[in-house]
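**Q** The structure is given below, and queries will be raised subsequently.
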Amino acid sequence: MLLHIPTAILAFASSVLATNPIKRQGANFVDADTGARFEIIGIDYQPGANAGFNPGADPLSDSETCLRDAIVMQQLGVNTIRVYNLDPTVSHDECASIFNAAGIYMLLDVNTPTFALNSEAPYTTYTGAYLTHIFQVVEAFSGYPNLLGFVAGNENINDIPSGLINPPYVKAVIRDLKNYIAKNIDREIPVGYAAAQINQTLVDQWNYFRCSTTGQDNDPAIADFFALNSYSWCGESSFQQAGYDILVKDFASTNTPMFFGEYGCNQFTGAVDGGPRPFTEVASLYGEQMRGVFSGGLVFEYTQETNSFGLVKVNNDKSLTLRQDFINLQNQYNKLDIKQVTASNGTATSQAAPKCAASLITQGLTKNFTLPAVPDNGTDLINNGVTVPSPPKTVSLTSTALPAAVTNVQGSKENWTLKQLSNDESNEPSGNTAGGAGSGSSGSSSGSGSSSSNMAMPTAMPRVAGLVAGSLFMGAMVL
């Protein structure tokens, strides 16, 4: 049920405690102020999936929902959310500030079902109107310190034909976004690509987006990160069986941060309605075998939708019920040694971007590195900037209580509250378990860096190429 909160959730303030901005440094994300390595412990957040997209509202425009979910996510132990569909014309001040206070960063896709590259004919949608939209997304969120970065494209390459036509356009979008940010925004903001795990072209995709068209490391067409939507670890799998060993070998020389943009296969022996998932891959992803190459990942997904990937169920009265998947993931997070997870990775920072060349591509992907020119009035947009109705402002919280009931798997109500973190702190696993000892306490956190092959094809994958989880294309591995 929805609970009554007697005071406003947030109020405008000139000085608000804030996370430190994150930037790319070589193959790492680092705290822009302290230089400490940042590892993504994240979750994909799109209540309603594509069906939940309505212009005039988005997942970061409802403060009560955001407060409820930030409190729950703080207990889970995540430090990052990925949000797919956003409307830059509405205010996000309250939600962004709530997640900021919780020590949770935002990784944001710039595309929506309305504004996205057409995977069959990208030249028809790479227009001035499209650039206006994605630049407005930049303007709508660039003022929040907990903005981690922008995803310029999501699974635009989902088969061999799309790999022959789409890469130059996606790389051009990365270029345009980075040029816009350099010209109009007063901080570095990483911009990258999220790929489907299509094994025939995966390394080629990585090479295509990480390479420099000019031969210089400052080429704006270089992706600042390469995210992989990976569903190869199903159930009680292993590092070798899931093919993680191959990923580490293939991407060992990366010059740009790598992470899982989505993970959490729900098709395995014994699964009922997609779970409960054991999330045993967490130990490998954040363990010694992978953290030298990968910078963490985001679990798909927070809310239970028709494809049965949810960690929580949203009820009609806006209350939440935790699913066993939530408990299993929380338990896996609580086993992590955060000091080791966030340890510096000096080897990765020394890698240089290769110069774009046909020799980087082996099969099934275009070898054309000539990017399309900026369309229509795009150059004017970059030079002069765009405006949004609600420029971003950080506001302060006046309430930290749950605005709706949260029920654990034992059927008991949790009494969690939001813990507002100090400057330079991000959220991390607390060591507590929902419904277990200490379940009523607030989440814990630390300053950045201060503490502690049989590949299965899931049959209910969550993907429309270039957009959020949908029902038209299954974004699993293609062997």
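Residue numbers for the sequence shown, in mature numbering (1 follows the signal peptide of the UniProt record, and there is no 0): -18 to -1, 1 to 461. Cβ atoms here follow ideal geometry from the backbone N, Cα and C, with glycine treated the same way. Here the structure is a predicted model, which is why all the values come from computation and not from measurement.
Taking isoleucine 374 as the reference, give the member of Ala325, Pro127 and Gln322 with the closest Cα.
**A** As a first step, residue 374 must be located in the sequence shown, where it is residue number 392. Per the sequence shown, residue 374 should be read as proline rather than isoleucine. Ranking the options by Cα distance to proline 374, first place goes to Pro127.
**Q** So, using beta-carbon positions, are alanine 176 and glycine 243 closer together than 7 Å?
**A** Taking the sequence shown and counting its residues from 1, the one referred to as residue 176 is at position 194. Taking the sequence shown and counting its residues from 1, the one referred to as residue 243 is at position 261. Closer than 7 Å, so yes.
**Q** Would you mind giving the Cβ-Cβ distance between residue 509 and glycine 360, rounded to the nearest angstrom? I have them listed as a contact below 8 Å.
**A** The structure shown does not extend to residue 509, since the chain is modelled only from -18 to 461, so the question has no answer here.
**Q** Can you name, in chain order, every residue of its own chain whose Cβ lies under 6 Å from the Cβ of leucine 267, other than the five neighbours on each side?
**A** Mapped onto the sequence shown, residue 267 falls at position 285. Result list for leucine 267: Gly279, in chain order.
**Q** How many whole angstroms separate the CB atoms of leucine 58 and glutamine 312, which I take to be in contact at a CB cut-off of 8 Å?
**A** To locate residue 58, count along the sequence shown from 1; it is residue 76. To locate residue 312, count along the sequence shown from 1; it is residue 330. With 8 Å as the limit, leucine 58 and glutamine 312 qualify as a contact, their Cβ atoms being about 5 Å apart.
**Q** Within 10 angstroms of the Cβ of arginine 169, are there 16 or more other Cβ atoms? Answer buried if so, exposed if not.
**A** The sequence position of residue 169 within the sequence shown is 187, counting from 1. Flag for arginine 169 reads exposed.
**Q** Please work out which residues of its chain come closer than 6 Å, Cβ to Cβ, to glutamate 21, disregarding the five sequence neighbours upstream and downstream, and give them in chain order.
**A** Taking the sequence shown and counting its residues from 1, the one referred to as residue 21 is at position 39. Same-chain partners within the cutoff: Ser277, Gly278, Val323 and Thr324.
**Q** Hey, out of Pro371, Asn405 and Val356, whose CA is closest to threonine 107's CA?
**A** In the sequence shown, residue 107 corresponds to position 125, counting from 1. For the residues Pro371, Asn405 and Val356, the minimum Cα distance to threonine 107 belongs to Val356.
**Q** Using the three-state DSSP reduction, which class does arginine 19 fall into: helix, strand or coil?
**A** Position 37 of the sequence shown, counted from the first residue, corresponds to residue 19. Three-state DSSP puts arginine 19 in a strand.
**Q** Let me know the beta strand (DSSP E) ranges lying completely inside the stretch 375 to 402, each 3 residues or longer, listed in chain order.
**A** Listed in chain order, the complete beta strand (DSSP E) runs (minimum 3 residues) inside the stretch 375 to 402 are 377 to 379.
**Q** Measure the C-alpha to C-alpha separation of proline 70 and aspartate 51 and round it to an integer number of angstroms.
**A** For the purposes of this step, residue 70 is taken as the residue at position 88 of the sequence shown. For the purposes of this step, residue 51 is taken as the residue at position 69 of the sequence shown. Cα to Cα, proline 70 sits roughly 21 Å from aspartate 51.
**Q** Judging by CA-CA distance, which residue of Tyr226, Leu347 and Phe207 is the nearest neighbour of glutamine 182?
**A** Locating residue 182 in the sequence shown gives position 200, counting from the first residue. Nearest option by C-alpha distance: Leu347.
**Q** Considering Cα atoms alone, identify which of Gln306, Thr288 and Val377 is closest to glycine 393.
**A** Here residue 393 refers to the residue found at position 411 when the sequence shown is read from its first residue. Comparing Cα-Cα distances from glycine 393 to each of Gln306, Thr288 and Val377, the minimum goes to Gln306.
**Q** Do valine 388 and leucine 302 count as a contact pair if the criterion is CB distance below 7 Å?
**A** Taking the first residue of the sequence shown as 1, we reach residue 302 at position 320. Taking the first residue of the sequence shown as 1, we reach residue 388 at position 406. In contact: leucine 302 and valine 388 (Cβ atoms closer than 7 Å).
**Q** Valine 119: which of Tyr66, Leu146, Ser79 and Ile25 sits nearest, CA to CA?
**A** The residue you call residue 119 lines up with position 137 of the sequence shown. If we check each option's Cα against that of valine 119, Tyr66 comes out closest.
**Q** What residues in its chain sit with their C-beta under 7 Å from that of phenylalanine 233, if we drop five residues either side in the sequence?
**A** The residue you call residue 233 lines up with position 251 of the sequence shown. Hits under 7 Å: Trp188, Met240 and Val275.
**Q** Might you give, ordered along the chain, the residues of its own chain that have their beta carbon closer than 6 Å to the beta carbon of leucine 146, omitting 5 neighbours on each side?
**A** Start at 1 with the first residue of the sequence shown, and residue 146 comes out as number 164. Counting only Cβ-Cβ distances below 6 Å, and skipping sequence neighbours, we find Thr348.
**Q** What's the call for proline 371, buried or exposed, on a 16-neighbour Cβ count within 10 Å?
**A** Looking up residue 371 in the sequence shown gives position 389. With fewer than 16 Cβ atoms within 10 Å of its Cβ, proline 371 is classed as exposed.
**Q** Determine the extent of the alpha helix (DSSP H) in which glycine 59 is found, giving its start and end residues.
**A** On the sequence shown, residue 59 is found 77 positions in, with the first residue counted as 1. Segment: none, glycine 59 is in no alpha helix (DSSP H) and carries neither H nor E.
**Q** Determine the closest residue to isoleucine 25 out of Phe261, Pro172 and Asn350, with distance taken between C-alpha atoms.
**A** Walking along the sequence shown from the start, residue 25 turns up at place 43. Minimum Cα distance to isoleucine 25 is reached at Phe261.
**Q** Sort Cys338, Ala386, Pro385 and Asn366 by Cα distance to isoleucine 167 and report the nearest one.
**A** As a position in the sequence shown, residue 167 is number 185, starting the count at 1. For the residues Cys338, Ala386, Pro385 and Asn366, the minimum Cα distance to isoleucine 167 belongs to Asn366.
**Q** Taking only the alpha-carbon atoms, compute the straight-line gap between alanine 134 and asparagine 316 and give it to the nearest angstrom.
**A** Translated into the one-based positions of the sequence shown, residue 134 becomes position 152. Translated into the one-based positions of the sequence shown, residue 316 becomes position 334. The straight-line gap from Cα to Cα measures roughly 32 Å.
**Q** By the 10 Å Cβ neighbour count, where 16 or more other Cβ atoms means buried, how is glycine 197 classified, buried or exposed?
**A** Taking the sequence shown and counting its residues from 1, the one referred to as residue 197 is at position 215. The residue is exposed, with fewer than 16 neighbouring Cβ atoms inside 10 Å.
**Q** Count the other CB atoms within 10 Å of the CB of glycine 17; is the residue buried (16 or more) or exposed (fewer)?
**A** Translated into positions along the sequence shown, residue 17 becomes position 35. When all chains shown are included, glycine 17 counts as exposed.
**Q** Classify alanine -1 as helix, strand or coil using the three-state DSSP reduction.
**A** Indexing the sequence shown from 1 puts residue -1 at position 18. Residue state, collapsed to three classes: coil.
**Q** Rounded to whole angstroms, what is the Cα-Cα separation between asparagine 390 and threonine 285?
**A** Walking along the sequence shown from the start, residue 390 turns up at place 408. Walking along the sequence shown from the start, residue 285 turns up at place 303. Spanning the two alpha carbons is a distance of roughly 15 Å.
**Q** Closest to asparagine 297 by CA distance: which of Pro29, Val12, Asp15 and Asp13 is it?
**A** Residue 297 sits at position 315 when you count from the first residue of the sequence shown. Nearest option by C-alpha distance: Pro29.
**Q** Assuming asparagine 148 and serine 212 make a contact with CB atoms under 8 Å, what is their CB distance in whole Å?
**A** One-based indexing of the sequence shown puts residue 148 at position 166. One-based indexing of the sequence shown puts residue 212 at position 230. Contact doesn't hold; Cβ gap of about 20 Å is too wide.
**Q** Roughly how many angstroms lie between the CA atoms of threonine 251 and alanine 224, to the nearest whole one?
**A** Position 269 of the sequence shown, counted from the start, is the residue given in the question as residue 251. Position 242 of the sequence shown, counted from the start, is the residue given in the question as residue 224. Going from the Cα of threonine 251 to the Cα of alanine 224 covers about 15 Å.
**Q** Give the secondary structure of glycine 225 by DSSP, where H, G and I count as helix, E and B as strand, and everything else as coil.
**A** Looking up residue 225 in the sequence shown gives position 243. In the structure shown, glycine 225 sits in coil (DSSP, three-state: anything other than H, G, I, E or B).
**Q** Check arginine 6 in the structure and name its three-state DSSP category.
**A** In the sequence shown, the residue the question calls residue 6 occupies position 24. In this structure, arginine 6 counts as strand in the three-state DSSP scheme.
**Q** What residue range does the alpha helix (DSSP H) around alanine 177 cover?
**A** Locating residue 177 in the sequence shown gives position 195, counting from the first residue. Per DSSP, alanine 177 belongs to no alpha helix (DSSP H); it is in the beta strand (DSSP E), 173 to 178.
**Q** Going by DSSP, what residue range makes up the beta strand (DSSP E) through glycine 243?
**A** As a working note, residue 243 is residue 261 in the sequence shown. Taken as a continuous stretch (DSSP letters only), the beta strand (DSSP E) holding glycine 243 covers 240 to 245.
**Q** Could you give the DSSP three-state label for asparagine 405: helix, strand or coil?
**A** Position 423 of the sequence shown, counting from 1, holds the residue named residue 405. Note: asparagine 405 maps to coil in three-state DSSP.
**Q** Can you tell me whether DSSP reads asparagine 289 as helix, strand or coil?
**A** Against the sequence shown, residue 289 aligns to sequence position 307. Asparagine 289: coil per DSSP, three-state reduction.
**Q** My guess is that lysine 153 and alanine 203 are in contact by the Cβ rule of under 8 Å, so how many angstroms apart are they, rounded?
**A** Position 171 of the sequence shown holds residue 153. Position 221 of the sequence shown holds residue 203. Indeed, because the Cβ distance is near 5 Å, the residues count as touching under 8 Å.
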